[in-house]
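For reference, the structure is listed below as structure tokens.
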Amino acid sequence: MKENKLLKILAKFFGQNAELKVYKFLRWALVIAGLLIILGILFPTAMTIFWNILWVILFFFVLMFFGLGLLTILGMKNEVSKILDLLLEGGMSFIDFLDFIKDVWKKFVELLLEFLLLAAWILAYIVCGIIYILILLLYKSVGSHYDVTLMTIGITILMVAAFGIISKPKVYVEAANVWAAKFKKRFRQGMIDGLEIVLFVFFLTIDSTNLFFLPQELNIPLRAEFGDQDLMVKSMDYHTNFKFTLTLLILATTFEVIRNMLRVVAWARFYYAKDMFENPEAPFMQLLKGSLRKSFNDMKNDLIKFITFTTVLFFVFMFFPKLKLFTLLLASVTNLALDLFIRERLTAPRGEDLISRTIAWVFRL
1 MKENKLLKIL AKFFGQNAEL KVYKFLRWAL VIAGLLIILG ILFPTAMTIF WNILWVILFF
61 FVLMFFGLGL LTILGMKNEV SKILDLLLEG GMSFIDFLDF IKDVWKKFVE LLLEFLLLAA
121 WILAYIVCGI IYILILLLYK SVGSHYDVTL MTIGITILMV AAFGIISKPK VYVEAANVWA
181 AKFKKRFRQG MIDGLEIVLF VFFLTIDSTN LFFLPQELNI PLRAEFGDQD LMVKSMDYHT
241 NFKFTLTLLI LATTFEVIRN MLRVVAWARF YYAKDMFENP EAPFMQLLKG SLRKSFNDMK
301 NDLIKFITFT TVLFFVFMFF PKLKLFTLLL ASVTNLALDL FIRERLTAPR GEDLISRTIA
361 WVFRL
């Protein structure tokens, strides 16, 4: 009975859903009280100043309250009424000011969210830049004391695998929070492009001894040996087992060719299943040849970009130590493994990554 009366009283004050509103109020009250206690422990001096300011404000409110009471006792009721009216109007002005602040804050948040959408790519590039510096610092720190062959193998596989997983084809569904979905999509694309740059620049600078952002003790020549091969010798050096260099080049190219052949086969399977469904009476060889032709025609531009990029990349890396050709071989093997385990990579549309866009722009493909 008492509980029903209490609910009726709460309903008068808080309207509908009184219990939820009371619980929400109590929850926020507990959160604020907890924050004040934590701040009091962490910043005792600052909280002491805060409590002193609050005490002075309340003291003046109490003085004003008793002052108005004293004026009423002295027969100045009309004057007290005018003062209360002034206080009311001041309160109304303060409410208008708060409403203005609310509108300004809302506009600021809208502009901030719009700016973050535009800056999502830049934020992603900054994160990628930090990742590059941290990995390079770790690599150079280890390389200043030890042979880096094993670390190169491990870090290459991890970086290529991480990039492959992050850039895995993803189906976007309509989200409740449209802004969050847009920001996530743009940030992810920025991370994919940024990590692509990080991979390229990292392998390009691992042996450099003139990186201005590294301390002098880390700008030193590295030591890397694979069996009886010195991987820090330039790939173009004909006097130090050039056959090993050609072997690295042949294996890396072969694995890349296999990857692209798998893509052609994957798309051919797709077209074969489609044609088989539409024309089940057609001969097997006719369907097979037709699906292979469709797949190859669809992939032709990508194959041209692949051939162009691989030629340029291997030509450039021939002027660097064999260690970099070795990393290309490791990257090719890792990418092939990713293609076999993440099958959707084989049928994902190409041409949207940074390298493809750059090659298409430079060579007008």
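By UniProt numbering, the letter at position 320 of the sequence shown is numbered 320, and the numbering carries on one by one without gaps. Just so it is clear, CB atoms sit at the ideal spot from N, CA and C, and this is done for glycine as well.
{"query": "Could you check which residue in Glu217, Thr308 and Arg269 has the C-alpha nearest to that of Glu256?", "result": "Thr308"}
{"query": "Beta-carbon separation of Leu195 and Cys128 under 8 Å?", "result": "yes"}
{"query": "For the pair the stretch 312–325 and the stretch 295–304, tell me if three or more CB-CB distances fall below 8 Å.", "result": "no"}
{"query": "What residue from Lys234, Ile101 and Leu74 has the CA that sits closest to Leu325's CA?", "result": "Lys234"}
{"query": "Would you check if the distance between the CB atom of Ser295 and the CB atom of Ala273 is smaller than 8 Å?", "result": "no"}
{"query": "Among the residues of its own chain, which have a CB less than 7 Å from the CB of Glu79, if the five just before and after it don't count?", "result": "Leu71"}
{"query": "Nearest-angstrom Cα distance between Phe61 and Phe50?", "result": "17 Å"}
{"query": "Using 8 Å as the threshold, is the C-beta distance between Phe212 and Gln229 below it?", "result": "no"}
{"query": "Excluding sequence positions up to five away, which residues of its chain have a Cβ less than 8 Å from the Cβ of Thr209?", "result": "Asn219, Ile220 and Pro221"}
{"query": "Which residue marks the beginning of the alpha helix (DSSP H) containing Asp298, and which one marks its end?", "result": "Phe284 to Phe317"}
{"query": "Short check: CB of Glu344 to CB of Pro169, under 8 Å?", "result": "yes"}
{"query": "I want to know whether the stretch 192–207 touches the stretch 126–145 - three or more CB-CB distances under 8 Å.", "result": "yes"}
{"query": "Could you please give the first and the last residue of the uninterrupted alpha helix (DSSP H) stretch that includes Met236?", "result": "It is not in any alpha helix (DSSP H) - Met236 carries neither H nor E in the DSSP assignment."}
{"query": "Helix, strand or coil for Pro169? Go by DSSP, reduced to three states.", "result": "coil"}
{"query": "Return helix, strand or coil for Glu281, following the three-state DSSP convention.", "result": "coil"}
{"query": "Starting from Leu58, trace the alpha helix (DSSP H) both ways and give me its first and last residue.", "result": "Pro44 to Ile73"}
{"query": "Could you name the residues of the same chain whose beta carbon sits closer than 7 Å to that of Tyr125, not counting the 5 residues immediately before and after it, in chain order?", "result": "Gly190 and Gly194"}
{"query": "Less than 8 Å between the beta carbons of Ala224 and Thr149, yes or no?", "result": "yes"}
{"query": "Quick check for students: name the residue ranges of the alpha helix (DSSP H) that lie wholly in the stretch 177–252, counting only runs of 4 or more.", "result": "178–205"}
{"query": "Report the option in Leu117, Trp121, Lys140 and Phe59 whose CA atom is closest to the CA atom of Lys182.", "result": "Leu117"}
{"query": "Could you please give the first and the last residue of the uninterrupted alpha helix (DSSP H) stretch that includes Ser332?", "result": "Lys322 to Phe341"}
{"query": "Under the three-state reduction of DSSP, which class applies to Asp275: helix, strand or coil?", "result": "helix"}
{"query": "Which word fits residue 396, buried or exposed, when buried means at least 16 other C-beta atoms lie within 10 angstroms of its C-beta?", "result": "The first residue shown for the chain is 1 and the last is 365, placing residue 396 beyond what the model contains."}
{"query": "So, with DSSP's three-state summary, where would you put Asp85?", "result": "helix"}
{"query": "Between the Cα of Val160 and the Cα atoms of Met276, Leu346, Thr327 and Thr347, which residue gives the shortest distance?", "result": "Thr327"}
{"query": "I'd like to know whether the C-beta atoms of Ala266 and Thr334 end up nearer to each other than 8 Å.", "result": "no"}
{"query": "Tell whether a beta-carbon distance below 8 Å holds between Ile250 and Leu336.", "result": "no"}
{"query": "What's the gap between the Cα of Gly351 and the Cα of Ile32?", "result": "Confidence in Gly351 is poor, its pLDDT being 49 and thus under 50, which makes the residue's placement unreliable; the coordinate value appears in the next sentence. Spanning the two alpha carbons is a distance of roughly 52 Å."}
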